[in-house]
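Numbering (my numbering), first residue to last: 174 to 286.
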């Protein structure tokens, strides 16, 4: 009987972990728009160093954490520039394919002369 229940328990555990991870991701705003992602990044920057310090004190480690580097990076701008570049490349793809085809045909014509 236990041999039949064990796969079900394993599956339930995996589904629970995956569902919990999805819930936390959605709840923290990582799945939303770029503004929510930027806010989630700021929350993480504020929460992680104190949590690390607390765990280090708990385990008795006496090391100094390095300071966080100041990086001026805006996920909002990076996301928008990536989307613009991708859409631009997709919209120019038929024209570029036609140009490259014509260049290839011209090259073959020049070779056959």
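Every residue gets a Cβ at the ideal spot worked out from N, C-alpha and C, and that includes glycine.
Are the beta-carbon atoms belonging to residue 203 and residue 192 less than 8 Å from one another? The residue labelled residue 203 in the question sits at position 30 within the chain shown. The residue labelled residue 192 in the question sits at position 19 within the chain shown. Contact: no.
Compare the beta carbon distance of residue 229 and residue 236 with 8 Å and say whether it is the shorter of the two. Translated into the one-based positions of the chain shown, residue 229 becomes position 56. Translated into the one-based positions of the chain shown, residue 236 becomes position 63. In contact: residue 229 and residue 236 (Cβ atoms closer than 8 Å).
Does the distance from the C-beta atom of residue 219 to that of residue 201 stay below 8 Å? By 1-based counting over the chain shown, the position of residue 219 is 46. By 1-based counting over the chain shown, the position of residue 201 is 28. In this structure, residue 201 does not lie closer than 8 Å to residue 219 by Cβ.
Mapping DSSP to helix, strand and coil, what is residue 259? To locate residue 259, count along the chain shown from 1; it is residue 86. Correct three-state label for residue 259: helix.
What residue range is occupied by the uninterrupted alpha helix (DSSP H) comprising residue 189? Indexing the chain shown from 1 puts residue 189 at position 16. Residues 175 to 201.
Determine the DSSP secondary structure at residue 218, reduced to helix, strand or coil. Counted from its first residue, the chain shown places residue 218 at position 45. If DSSP states are grouped into helix, strand and coil, residue 218 belongs with the helices.
If I measure Cβ to Cβ from residue 253 and keep anything under 8 Å in the same chain, skipping five residues before and after, which residues do I get? On the chain shown, position 80 is the one that residue 253 refers to. Excluding residues within five positions, the ones whose Cβ falls inside 8 Å are 207.
Ignore the nearest five residues each way along the sequence and tell me which others in residue 199's own chain have a CB closer than 7 Å to its CB. Taking the chain shown and counting its residues from 1, the one referred to as residue 199 is at position 26. Correct list: empty, nothing qualifies.
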